[in-house]
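> For reference, the structure I am asking about is given below.
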Amino acid sequence: MSGALPLTRRSMNDTRPASAIKICGVTTRDALDAAIHARATHVGFNFFPPSPRFLHLGQAPALAAQAEGHLVRVGVFVDAADDAIADAVAAARLDAIQLHGKEDPARAAQLRARFGKPVWKVMSVAGPDDIARADLYAGTADFILFDAKTPKGAALPGGLGLAFDWNLLRAYRGPLPWGLAGGLSPANVAEAVRGTGASLVDVSSGVESAPGVKDAELIRAFCLNARGA
Numbered sequence: 009m010s011g012a013l014p015l016t017r018r019s020m021n022d023t024r025p026a027s028a029i030k031i032c033g034v035t036t037r038d039a040l041d042a043a044i045h046a047r048a049t050h051v052g053f054n055f056f057p058p059s060p061r062f063l064h065l066g067q068a069p070a071l072a073a074q075a076e077g078h079l080v081r082v083g084v085f086v087d088a089a090d091d092a093i094a095d096a097v098a099a100a101r102l103d104a105i106q107l108h109g110k111e112d113p114a115r116a117a118q119l120r121a122r123f124g125k126p127v128w129k130v131m132s133v134a135g136p137d138d139i140a141r142a143d144l145y146a147g148t149a150d151f152i153l154f155d156a157k158t159p160k161g162a163a164l165p166g167g168l169g170l171a172f173d174w175n176l177l178r179a180y181r182g183p184l185p186w187g188l189a190g191g192l193s194p195a196n197v198a199e200a201v202r203g204t205g206a207s208l209v210d211v212s213s214g215v216e217s218a219p220g221v222k223d224a225e226l227i228r229a230f231c232l233n234a235r236g237a
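If you want it as structure tokens, here you go:
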């Protein structure tokens, strides 16, 4: 599958289902198979070692091959060095690079130029100023993913099942296509899509039976509800 992202800007008045669904933090063949069969469009491979969803480089080639032709492969990084990103890009045959740390627009542009891959920037949201900061990445990133800001001192930058006030996106008309993450589950994804007009929804802990353990039935339900919003 090519790295092209089937994502466009959408307005709050757009009531169509999300056009893309990303199952993030996949580490096993069974979980990846569930995502493929549920007709997700993207898979996230997490290369942040402290995460319970961390994917070792040795496991990446087999999962990359399994996803080939079915899912866009997105690598998740947190303030990672170039060499670490290069190793993951090669091992997982990544189609896109997702930055979930403190990477500024210059860093996003640098990685975009070096690797020739679309760059996603996660914006951690607690208030309206966090939404507005996404505009700074115009011309340096390709896609914005709005996620909930984690509590100060948290060991992980995401994947904690936290949500932010989706009403903060009501007036957003940014220059880049964007998606929604944070606290999504089969129970609320349809509401989230209807309430925000997000072109992509991203889920990790919301389809798990335990931290890092994906549940095939929850993946199926999430994708079904996202498409039916």
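Using our numbering, you'd call the opening residue of the sequence shown number 9 and step up by one each time.
Ideal placement from N, C-alpha and C gives every residue a C-beta, glycine not left out.
Could you tell me which residues DSSP pairs with VAL80 in its beta bridges?
In DSSP, VAL80 forms a bridge with HIS50.
> Does the beta-carbon distance from VAL82 to LYS129 come in below 8 angstroms?
In this structure, LYS129 does not lie closer than 8 angstroms to VAL82 by Cβ.
> In this structure, does DSSP put ASP87 in helix, strand or coil?
ASP87 falls in the coil class under three-state DSSP.
> For HIS239, count the other beta carbons within 10 Å of its own beta carbon; 16 or more makes it buried, fewer makes it exposed. Which is it?
Nothing about residue 239 can be reported from this structure: the residues present for the chain run from 9 to 237 only.
> Tell me whether VAL97 sits in a helix, a strand or coil according to DSSP, three-state version.
In the structure shown, VAL97 sits in a helix (DSSP, three-state: H, G or I).
> Which parts of the segment 101-147 are runs of the beta strand (DSSP E), unbroken and 3 residues or longer, counting only runs that do not cross its ends?
Counting only runs of 3 or more, we get 104-107, 127-133.
> Taking only runs of the beta strand (DSSP E) that begin and end inside the segment 180-209, which ones reach a length of at least 3 residues, in chain order?
You should have 186-188.
> Nearest-angstrom Cα distance between LEU176 and ASP155?
Rounded to the nearest angstrom, the two C-alpha atoms are 12 angstroms apart.
> So, at 8 angstroms on beta carbons, what are the nonlocal neighbours of ASN21 in its own chain, with the 5 sequence-adjacent residues on each side left out?
Unreliable positioning characterises ASN21 in this predicted model, as indicated by a pLDDT of 47, which lies under 50. The coordinate reading is nonetheless provided below. Contacts found: GLY205.
> Give me the DSSP bridge partner(s) of ASP155.
According to DSSP, which records beta bridges pairwise, ASP155 is partnered with SER132.
> Less than 8 angstroms between C-beta atoms, sequence neighbours within five positions excluded: which residues of the same chain meet that for GLN67?
Once the five neighbours on either side are set aside, the close Cβ partners of GLN67 are THR35.
> Label ASP173 either buried or exposed according to how many other C-beta atoms from any shown protein chain fall within 10 Å of its C-beta, with 16 as the threshold for buried.
Its Cβ having fewer than 16 others within 10 Å, ASP173 is exposed.
> Is ALA70 helix, strand or coil by DSSP?
DSSP places ALA70 in helix when its eight states are reduced to three.
> Does the beta-carbon of ASP38 have 16 or more other beta-carbons within 10 angstroms, so that it is buried, or is it exposed?
By the neighbour-count rule (16 or more Cβ atoms within 10 Å), ASP38 is not buried but exposed.
> Give me, in chain order, the residues of the same chain whose beta-carbon lies closer than 8 angstroms to that of ARG228; leave out the 5 immediate sequence neighbours on both sides.
The residues are ALA42, HIS45, ALA46.
> CA-CA distance, ALA89 and MET131?
Distance between the alpha carbons of ALA89 and MET131 is about 20 angstroms.
> For GLY220, does the count of other Cβ atoms within 10 angstroms reach 16, so buried, or fall short, so exposed?
By the neighbour-count rule (16 or more Cβ atoms within 10 Å), GLY220 is buried.
> Spatial neighbours of PRO183 within its chain, please: CB distance less than 7 angstroms, with the 5 preceding and 5 following residues excluded, ordered by chain position.
These residues qualify, in order along the chain: ASP143, ALA146.
> Report buried or exposed for GLU225, applying the criterion of at least 16 other Cβ atoms within 10 angstroms of its Cβ.
Result: exposed.
> Looking at VAL197: is its Cβ nearer than 8 angstroms to the Cβ of ASN233?
In this structure, ASN233 lies closer than 8 angstroms to VAL197 by Cβ.
> Is ALA12 helix, strand or coil by DSSP?
With a pLDDT of only 44 at ALA12, under 50, the local geometry of the prediction cannot be trusted, and the value read off the model is given with reservation. Here ALA12 sits in coil by DSSP.
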